[in-house]
Amino acid sequence: MMRVSLAPLLVVAGLSQPVAAQPAPADPAATIAEMQRQIAELKAMVAELRAAVQAGAAAPPAASPPAAVAAAAPTVQLAAARAPDAIVLKAPARRGKPWYEKLTLRGYTQMRVNEIVAGAATAPAGVSRLRSIGDNSISDRNNFSFRRVRLILQGDLSDHVSLYLQPDFASAVSNQSVGERREGFGQLRDAYVDIFPTEDHSLRLRLGQSKVPFGWENLQSSSARLALDRTDGINTAVPTERDLGAVLFYTPPQVQQIWNRLASDGQKLFGNYGAFGVALYNGQGTNRAESNNSLMAVAMATWPFALDGLGLDGQVLEVGGAIMRNKVQPELRSGGVNPTAITDNRVGVHAMLYPQPIGFQAEWNWGTGPEFDPATQSIKAKPLTGGYVQAMGRVRQSPLGPFMPFARWQFYRGGFKAGLNAPRLETDELELGIEFQPGVPLEFTLSYGWARRREADERRAGQAEGQVLRAQVQWNY
Numbered sequence: 364m365m366r367v368s369l370a371p372l373l374v375v376a377g378l379s380q381p382v383a384a385q386p387a388p389a390d391p392a393a394t395i396a397e398m399q400r401q402i403a404e405l406k407a408m409v410a411e412l413r414a415a416v417q418a419g420a421a422a423p424p425a426a427s428p429p430a431a432v433a434a435a436a437p438t439v440q441l442a443a444a445r446a447p448d449a450i451v452l453k454a455p456a457r458r459g460k461p462w463y464e465k466l467t468l469r470g471y472t473q474m475r476v477n478e479i480v481a482g483a484a485t486a487p488a489g490v491s492r493l494r495s496i497g498d499n500s501i502s503d504r505n506n507f508s509f510r511r512v513r514l515i516l517q518g519d520l521s522d523h524v525s526l527y528l529q530p531d532f533a534s535a536v537s538n539q540s541v542g543e544r545r546e547g548f549g550q551l552r553d554a555y556v557d558i559f560p561t562e563d564h565s566l567r568l569r570l571g572q573s574k575v576p577f578g579w580e581n582l583q584s585s586s587a588r589l590a591l592d593r594t595d596g597i598n599t600a601v602p603t604e605r606d607l608g609a610v611l612f613y614t615p616p617q618v619q620q621i622w623n624r625l626a627s628d629g630q631k632l633f634g635n636y637g638a639f640g641v642a643l644y645n646g647q648g649t650n651r652a653e654s655n656n657s658l659m660a661v662a663m664a665t666w667p668f669a670l671d672g673l674g675l676d677g678q679v680l681e682v683g684g685a686i687m688r689n690k691v692q693p694e695l696r697s698g699g700v701n702p703t704a705i706t707d708n709r710v711g712v713h714a715m716l717y718p719q720p721i722g723f724q725a726e727w728n729w730g731t732g733p734e735f736d737p738a739t740q741s742i743k744a745k746p747l748t749g750g751y752v753q754a755m756g757r758v759r760q761s762p763l764g765p766f767m768p769f770a771r772w773q774f775y776r777g778g779f780k781a782g783l784n785a786p787r788l789e790t791d792e793l794e795l796g797i798e799f800q801p802g803v804p805l806e807f808t809l810s811y812g813w814a815r816r817r818e819a820d821e822r823r824a825g826q827a828e829g830q831v832l833r834a835q836v837q838w839n840y
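Numbers given in our numbering equal positions in the sequence shown, counted from 1, plus 363.
Rendered as structure tokens:
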């Protein structure tokens, strides 16, 4: 026979007298029946109380026990039944995700093959060969290569602070064995924190190593750019696009709405670097030690105009410009850096008509920068100018997936401050290409270029002419 103890139940329910004080019936079966009936009564009252609390109303009065029960035992009362409003059910405090659960890890890899199909793949000493500062794997000896292997760690540390960290594992290190290069080294590209002082995040302070806001295509990610390389005229302003410093960006809500619309449409944006930006950097270049006590100052403005009111539904025209003032000490072939700082000032303009389905993109800049002077065998500040014009189309659906054809012409005359002895570049190039996406994580790009280039080596003169066939596969993760 099962034994049941009523003591815990009676204490919880608030019985006025212990059961032991009641006269015990002589019949054991009657005792068990009485106990079961009291348990049933308690269960019913607890259920009523629980329903009343959940409904937020006063609990109904306790039901009177049957006459037989009242005669046999004192009245059972629940202490909580008289004041159910004193019972407060609070949901557990909702805690936001810890910062390490807000971080995301993503990236992309670009593998290329380049082939000089005609022209000056090789040349005698002192004469330029067909080469490019955008991709050093364009040569007479190279086949497959990794152009970029990026991992990006980013996320919000709080409502007003976020971080961004990006290394690249496709960097090369020279002079490892009798001047040979070694590929596949990791190098820091971005490491910064964004601080948002306002609730709408329209104002942003960026501290660390990040992209310098000069040049629309310089700011655009290489994972989103149509052409395989940035143009010489724009990229020579900030080779590798980055420096260490502080930037203040401001993006009005109406501008952010247009950029959000373009992003949701799948357009290739330059990234949100603000409609207005001002910045101070060391000015010596990515991962290079500061060599003088001056700072590089940069200011940029860009504004997208929705052309729906002109009957061009969905079209957006973006225009803007930037200015840069700097002093830099280029690295010398003999070792170290130039003993004096050289003026490095530029002003640039840009325009972008997003393809809907036809678009155009153009940039140009003028200025003064470091350039090797053969007459004095030294580096001097000399004039520079250059830019590009690009046309592109967008086909959203095809048997091969979405694709974008493009044509780009570029021009540059001026020094290359990131090269040893800041050699002079003379670039004229026409490039035709197409990018298509057979699947979401994959992008293929084919291009064919006709080029006349001066090699980035002050010991070689003239322009090398030739044609280059190039292919790239990019996978995003």
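Yeah, the Cβ is synthetic: ideal placement off N, Cα and C, and Gly gets one too.
- Secondary structure note for Asp-791: it is in no alpha helix (DSSP H), and the uninterrupted beta strand (DSSP E) holding it is 787-802.
- Nearest C-alpha to Gln-753 among Ala-725, Leu-763 and Gly-777: Ala-725.
- Here the alpha carbon of Gly-596 sits roughly 11 Å from the alpha carbon of Asn-581.
- Taking each of Gln-517, Arg-513 and Arg-492 in turn and checking the Cα distance to Arg-504, the smallest one comes out for Arg-492.
- Following the DSSP letters along the chain, one finds Pro-737 in no alpha helix (DSSP H), marked with neither H nor E.
- Bounds of the beta strand (DSSP E) holding Ile-479 are 467-482.
- Residue environment analysis places His-713 among the buried positions, since at least 16 neighbouring C-beta atoms fall within 10 angstroms of its C-beta.
- Secondary structure at Thr-599: coil, using DSSP grouped into helix, strand and coil.
- By DSSP's assignment, Pro-746 forms a beta bridge with Thr-731.
- Rounded to whole angstroms, the gap between the alpha carbons of Phe-639 and Gln-417 is 54 Å.
- In this structure, Glu-798 and Arg-771 do not form a Cβ contact; the two beta carbons are roughly 12 Å apart against a cut-off of 8 Å.
- Distances from the alpha-carbon of Gly-637 to those of Gly-648, Phe-612, Arg-400 and Pro-768 put Phe-612 closest.
- Thr-665 carries a strand assignment under DSSP once its states are collapsed to helix, strand and coil.
- Residue state for Thr-394 is assigned as helix, using DSSP reduced to three classes.
- Pairing Val-575 with Gly-756, the inter-Cα distance amounts to about 28 Å.
- Boundaries of the beta strand (DSSP E) harbouring Glu-681: 679-688, taken from the DSSP string.
- 8 Å or more divides the Cβ of Leu-551 from the Cβ of Asn-645.
- Nearest in C-alpha terms to Ser-697, of all of Gln-740, Met-767, Leu-589 and Gly-497, is Gln-740.
- DSSP, read as helix, strand or coil, puts Lys-574 in strand.
- If you draw a straight line from the Cα of Leu-589 to the Cα of Gly-629, it is about 13 Å long.
- Between the region 501-518 and the region 603-619 there are fewer than three inter-stretch CB-CB distances shorter than 8 Å, so the stretches are not counted as touching.
- Around the C-beta of Tyr-775, 16 or more other C-beta atoms lie within 10 Å, and the residue is accordingly described as buried.
- For Met-687, the closest alpha carbon among the candidates Val-641, Gly-608, Arg-833 and Leu-809 is that of Val-641.
- Contact check for Gly-578 against Ala-685 passes: the beta carbons are separated by less than 8 Å.
- The alpha-carbon separation between Glu-828 and Asn-655 amounts to approximately 38 Å.
- In the DSSP assignment, Glu-580 falls within the unbroken alpha helix (DSSP H) covering 579-582.
- The continuous alpha helix (DSSP H) containing Trp-622 extends over residues 616-627.
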